[in-house]
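With the working numbering as the guide, the letters of the sequence shown map in order to residues 1 to 314.
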Amino acid sequence: MEIRKLSVEVMTETGFLEVIKDVDLTIDEGEIYSLVGESGCGKTVTALSVLRLLGPSFRVKNGSVLFRGRDLLAIPEKEMEKIRGREISMVFQEPMTSLNPVLKIGEQTKEMFVVHLGLKKKEAKERAIELLKEVGFENPEKRYHQYPHQLSGGQRQRVLIAISISLNPKLIICDEPTTSLDVASEWEILNLLLSLVRERKMSMLFITHDLHIVENLSHKIGIMYLGRIVEEQKKDNFFKKPYHPYSQGLLRSAFMRGEKLIPIKGSVPDLKNVPKGCKFHPRCDYVMDLCMREEPKPIRIDDGTWVRCFLYGN
Ligand code: SF4
């Protein structure tokens, strides 16, 4: 999938505000791309734009989302409906609100097989039980007849993952899928996702604010700040040498071991008060006059690494 120059606006009382701007992002086959940033930076808007699931107050200003030869932002809605779930699926943050509380797990798991593949009830049930087994339930027949409230948070997230892979999508988008879970369940879910991506040869867009998670998960990392991807690198290189001052600050504050935590100074500005020039300049230790006037364009450092910062490329 290739997202090119994607900009999205949201309607507010005072007019449209840009929530993401010129987002470029490519995910190759079998690749895990982690999109990292603080909450409100535009990660979820990027993901929802791909599936055209943005609410009515949003509008795509420009850009394209190329997926297997088609621009998902330009095709008719009927065609898009066939892509959601079948070719690209999504796992959301809060499993309890994504599952229907009054329907048994089995009913919800087999629905995709009935609706999209037209399977008869018996065969759909067999496939659903296989799927529940694949996502790690030891007694899938028992789970099949339970309601969501009878499962733990981690188990509910397993069910959602089962549903999301049921039609064998090529790309799975996971939006902070472990945020509401305890640490033990979090690592179980991450390991499950990792093994499913490998076994089923899927690609994954993984959205998170947590650099500890992506260290063990990703091939490529994109760092997002105020609606822009400010740096993209292969995972191993990123952890050795982050280029953007924001990435350096994130890494420093996430991985200070046994030393005093050094947070990034200041806070993320409100969308209504986005600074001119480089959006990170009020918080940057290396700010120059130019940074306050102009917004940096992406500078390629090497194959697989680019950064939006005036410290590089001149
Ligand atoms: Fe800092 Fe300037 Fe680079 Fe922005 S462009 S991150 S303000 S040095």
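Note that the Cβ used here is the ideal one computed from N, Cα and C, for glycine as well.
{"Query": "Residues in the same chain with beta-carbon distance under 8 Å from H281, minus the five sequence neighbours each way, listed in chain order, please.", "Result": "P275, V287, C291, M292"}
{"Query": "Under 7 Å from any heavy atom of the ligand SF4, does the C-beta of F280 make it?", "Result": "yes"}
{"Query": "For the ligand SF4, I want to know if K288 counts as a neighbour, meaning its beta carbon is within less than 7 Å of at least one of the ligand's heavy atoms.", "Result": "The amino acid occupying residue 288 in the given sequence is Met; Lys does not appear at that position. Yes, the Cβ of M288 comes within 7 Å of a heavy atom of the ligand SF4."}
{"Query": "Within 10 angstroms of its Cβ, does A124 collect 16 or more other Cβ (buried), or is it exposed?", "Result": "buried"}
{"Query": "Secondary structure at Y225, three-state DSSP: helix, strand or coil?", "Result": "strand"}
{"Query": "Could you check what DSSP says for G55 in three-state terms: helix, strand or coil?", "Result": "coil"}
{"Query": "Please name the residue, chosen from S185, I173, I172, S166, that lies closest to Q155 on a Cα-to-Cα basis.", "Result": "S185"}
{"Query": "Return helix, strand or coil for V102, following the three-state DSSP convention.", "Result": "coil"}
{"Query": "Excluding the five sequence neighbours on either side, which residues of its own chain have a C-beta within less than 8 Å of the C-beta of L190, listed in chain order?", "Result": "T178, I213, N216, L217"}
{"Query": "Mind checking D303: buried by the 16 CB within 10 Å criterion, or exposed?", "Result": "exposed"}
{"Query": "Flag this pair as touching only if the stretch 160-172 and the stretch 109-117 have three or more C-beta atom pairs under 8 Å; answer yes or no.", "Result": "yes"}
{"Query": "Name, in chain order, the residues that DSSP records as bridge partners for Y147.", "Result": "Y147 is not bridged to any residue."}
{"Query": "Going by the C-beta, is C41 closer than 7 Å to any heavy atom of the ligand SF4?", "Result": "no"}
{"Query": "Locate the beta strand (DSSP E) running through V91, then write down its first and last residues.", "Result": "88-91"}
{"Query": "To test your reading of the DSSP string, which unbroken alpha helix (DSSP H) runs of 4 or more residues are found completely within the stretch 138-191?", "Result": "140-144, 153-165"}
{"Query": "The beta strand (DSSP E) that contains L48, what's its start and end?", "Result": "Unbroken run through L48 is the alpha helix (DSSP H), 43-50; no beta strand (DSSP E)."}
{"Query": "Leaving out the 5 sequence neighbours to the left and right, which residues in its chain are closer than 8 Å to E138 when beta-carbon positions are compared?", "Result": "none"}
{"Query": "Please state if the CB of I20 and the CB of L35 are separated by a distance shorter than 8 Å.", "Result": "no"}
{"Query": "For D270 and R308, I'd like the C-alpha separation in whole angstroms.", "Result": "21 Å"}
{"Query": "By alpha-carbon positions, which one of L103, G30, V102, V60 ends up nearest to F16?", "Result": "V60"}
{"Query": "Alpha carbon to alpha carbon, what distance is there between K122 and F238?", "Result": "49 Å"}
{"Query": "Could you please give the first and the last residue of the uninterrupted alpha helix (DSSP H) stretch that includes D236?", "Result": "235-240"}
{"Query": "Assign G63 to one of three DSSP states: helix, strand, or coil.", "Result": "strand"}
{"Query": "Leaving out the 5 sequence neighbours to the left and right, which residues in its chain are closer than 6 Å to G227 when beta-carbon positions are compared?", "Result": "V19, I20, K21, G42"}
{"Query": "Taking only the alpha-carbon atoms, compute the straight-line gap between R158 and R86 and give it to the nearest angstrom.", "Result": "18 Å"}
{"Query": "Under 7 Å: does the beta carbon of C291 sit that close to some heavy atom of the ligand SF4?", "Result": "yes"}
{"Query": "Determine the contact status of W306 and P298, defining contact as a CB-CB distance below 8 Å.", "Result": "yes"}
{"Query": "Between P242 and the ligand NAD, is the CB less than 7 Å from at least one heavy atom?", "Result": "What this structure holds is the ligand SF4, not the ligand NAD."}
{"Query": "For C174, I'd like the list of residues in its chain whose CB is within less than 8 Å of its CB, leaving aside the five on either flank, ordered along the chain.", "Result": "M90, V91, L193, M204, L205, F206, I207"}
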